[in-house]
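Here full-length UniProt numbering is used: the first residue of the sequence shown is 1, the next is one more, and so on. Data first, discussion second: the structure below is written as structure tokens.
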Amino acid sequence: MAQLVLLSGGQRLLRQATAERRLPRLRSDVVLERLLPFLALPEPQKVVLAAGSHCTCVVRPDGQLVCFGNTFAHSDLWHISLPADLRSVVAVAAGFAHACAVQADGRLACFGDNSHGQCNVPPDLGPVVAVAAGAYHTCALQADGRLVCFGDNSHGQRSLPLDLGPVVALAAGENHTCAVQSDGRLVCFGNNSRGQCNVPADLGPVVAVAAGGFHACAAQADGRLVCFGYNDFGQCNAPPDLGAVVAACAGFFHTCALQANGQLVCFGGNSQGQCNVPPALGSVMAVAAGAYHNCAVQADGQLVCFGRTDAGQCDVPAGLGPIRVGLLAAYGDNRSLQRTEMTGAAVVRCLNL
Numbered sequence: 001m002a003q004l005v006l007l008s009g010g011q012r013l014l015r016q017a018t019a020e021r022r023l024p025r026l027r028s029d030v031v032l033e034r035l036l037p038f039l040a041l042p043e044p045q046k047v048v049l050a051a052g053s054h055c056t057c058v059v060r061p062d063g064q065l066v067c068f069g070n071t072f073a074h075s076d077l078w079h080i081s082l083p084a085d086l087r088s089v090v091a092v093a094a095g096f097a098h099a100c101a102v103q104a105d106g107r108l109a110c111f112g113d114n115s116h117g118q119c120n121v122p123p124d125l126g127p128v129v130a131v132a133a134g135a136y137h138t139c140a141l142q143a144d145g146r147l148v149c150f151g152d153n154s155h156g157q158r159s160l161p162l163d164l165g166p167v168v169a170l171a172a173g174e175n176h177t178c179a180v181q182s183d184g185r186l187v188c189f190g191n192n193s194r195g196q197c198n199v200p201a202d203l204g205p206v207v208a209v210a211a212g213g214f215h216a217c218a219a220q221a222d223g224r225l226v227c228f229g230y231n232d233f234g235q236c237n238a239p240p241d242l243g244a245v246v247a248a249c250a251g252f253f254h255t256c257a258l259q260a261n262g263q264l265v266c267f268g269g270n271s272q273g274q275c276n277v278p279p280a281l282g283s284v285m286a287v288a289a290g291a292y293h294n295c296a297v298q299a300d301g302q303l304v305c306f307g308r309t310d311a312g313q314c315d316v317p318a319g320l321g322p323i324r325v326g327l328l329a330a331y332g333d334n335r336s337l338q339r340t341e342m343t344g345a346a347v348v349r350c351l352n353l
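As structure tokens, this is what we get:
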């Protein structure tokens with residue numbers, strides 16, 4: 001992980017790695033020394049993939065947002081209609097029954113179920129560079145590094161810690177939120193019934209984070225993946241032979257990790273085949289985990305989904321075309337993980353619920 005620069009400040013480093021056709025072999029402390037000065041000033045991130053409870057959303061190269069599956073399957077409340085004036089989408093997040101999109105000008109649009117105010121974007125919200133969607137809450141990262149959350153707060157999932165510093169990455173689980181500060185420290189708050197907010201005391205500097213139903217995972221600067229919280233399905237048991245991780249996604253009871261070589265590894269609950277990575281899956285550039293399904297963008301731009309598909313959330317529309325994965329920098333509940341365009345590096349965004 002040390003060799004992967006996920007945020008704006010590492011863009012040149014990643015491109016250099018591409019030219020060399022390999023990732024630079026740097027010590028994690030060297031990378032962090034270069035990374036952290038930039039982290040407080042994130043740039044708009046291109047997050048092309050998000051998975052909600054029963055749906056999948058993807059951003060086409062022209063900025064059009066396409067969602068498929070039964071968005072959402074249980075009632076009319078679950079049906080997401082895209083706003084007619086939605087334009088030039090650069091990032092998307094999907095929660096239990098709502099979705100949010102960041103537009104190229106930094107404006108945030110949220111739509112779908114608004115029973116808890118999770119779609120009530122604050123009128124004074126500044127330009128947004130990243131968004132995360134939990135079950136019934138939404139968190140947006142502004143360009144100035146401030147985190148703004150709205151919607152359900154029954155578990156304190158939008159009650160920001162008073163000492164929270166500038167944020168560079170975020171993830172939203174069902175009823176908890178995790179944020180990576182500019183100094184690399186991870187902070188989680190909200191529902192802690194399963195220890196999903198108990199950040200390990202010995203956790204090193206974090207460069208990527210994912211939040212699932214009742215667990216969270218952090219990719220350290222040294223490439224190691226550390227997961228904590230609910231573990232009855234083994235969703236926190238990273239395989240011992242797992243290589244350097246550049247990003248992670250968390251579903252309700254499962255976790256997926258993207259290795260530096262582009263290989264996707266999933267573990268934990270597998271009741272719907274959500275951990276059965278297709279053998280023919282190529283090098284992965286972006287991945288998102290829904291409640292019980294995953295979708296991945298291959299290096300050739302093709303979208304592949306697997307796992308639960310009772311609502312059509314894995315039925316990729318014919319004619320969708322190649323998906324172009326651009327520079328990405330932070331993550332959200334809808335954890336979708338993306339690797340930088342034309343490089344071997346990756347960043348996180350995973351979706352759960």
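Where a beta carbon is used, it is the ideal one built from N, C-alpha and C, also for glycine.
query: Let me know the secondary structure DSSP gives T177 once reduced to three states.; result: strand
query: Apart from the five residues on each side of it in sequence, which residues of its chain come closer than 6 angstroms, Cβ to Cβ, to Y230?; result: R194, F214, H215
query: Going by DSSP in three states, L170 sits in which element: helix, strand or coil?; result: strand
query: Note down the Cα distance separating P278 from S81, rounded to an integer number of angstroms.; result: 31 angstroms
query: Determine the direct distance from the alpha carbon of R60 to that of V66, and round the result to whole angstroms.; result: 7 angstroms
query: Determine contact between the segment 145 to 156 and the segment 111 to 124, defined as no fewer than three beta-carbon pairs at a distance below 8 angstroms.; result: yes
query: Within 10 angstroms of the Cβ of N294, are there 16 or more other Cβ atoms? Answer buried if so, exposed if not.; result: buried
query: Using C-beta distances below 6 angstroms, list every residue in its chain close to P127, excluding the 5 sequence neighbours before and after it, in chain order.; result: G106, A143
query: If you follow the beta strand (DSSP E) that Q259 is in, where does it begin and where does it stop?; result: 254 to 259
query: Can you tell which of S271, D241, L108 has the C-alpha that lies nearest to the C-alpha of L264?; result: D241
query: Which residue's Cα is closest to the Cα of residue 355: H176, A291, V284, N276?; result: Outside the modelled stretch of the chain, which goes from 1 to 353, sits residue 355, for which no answer is possible.
query: List the whole-angstrom C-beta distance separating residue 377 from G251, where the pair is believed to meet the contact cut-off of C-beta under 8 angstroms.; result: Examination of residue 377 is not possible in this model, given that the chain is present from 1 through 353 alone.
query: Between V90 and the rest of its own chain, which residues show a CB-CB distance below 6 angstroms, the 5 nearest in sequence each way excluded?; result: P44, K46, V102, A104
query: Any idea what DSSP makes of T309, helix, strand or coil?; result: coil
query: Taking the C-alpha atoms as reference points, what is the distance between S75 and A221?; result: A caution first: S75 carries a pLDDT of 43, below 50, which makes its placement in the model too unreliable to give a value.
query: In this structure, does DSSP put L164 in helix, strand or coil?; result: coil
query: In this structure, what does DSSP give as the bridge partners for C55?; result: G69
query: Less than 8 angstroms between the CB atoms is what I'm expecting for G52 and S88, so what's the real figure, rounded?; result: Not confirmed; about 22 angstroms, so no contact.
query: Between the alpha carbons of C217 and V167, how many angstroms are there, rounded?; result: 17 angstroms
query: Let's test the definition: count the other Cβ atoms within 10 Å of the Cβ of A211 and tell me whether it reaches 16, buried, or not, exposed.; result: buried
query: How would you label L162, buried or exposed, when you count the other beta carbons within 10 angstroms and need 16 or more for buried?; result: exposed
query: With a threshold of 16 other CB atoms inside 10 Å of the CB of G95, please say whether the residue is buried or exposed.; result: buried
query: What are the partner residues of H137, as DSSP defines its beta bridges?; result: G151
query: Here's the rule: buried if 16 or more other CB atoms are within 10 angstroms of the residue's CB, otherwise exposed. What is S182?; result: buried
query: Tell me, to the nearest whole angstrom, how far the beta carbon of A288 is from that of C249; I am working on the premise that it is less than 8 angstroms.; result: 6 angstroms
query: Is Q157 buried or exposed, if buried means 16 or more other CB atoms sit within 10 Å of its CB?; result: buried
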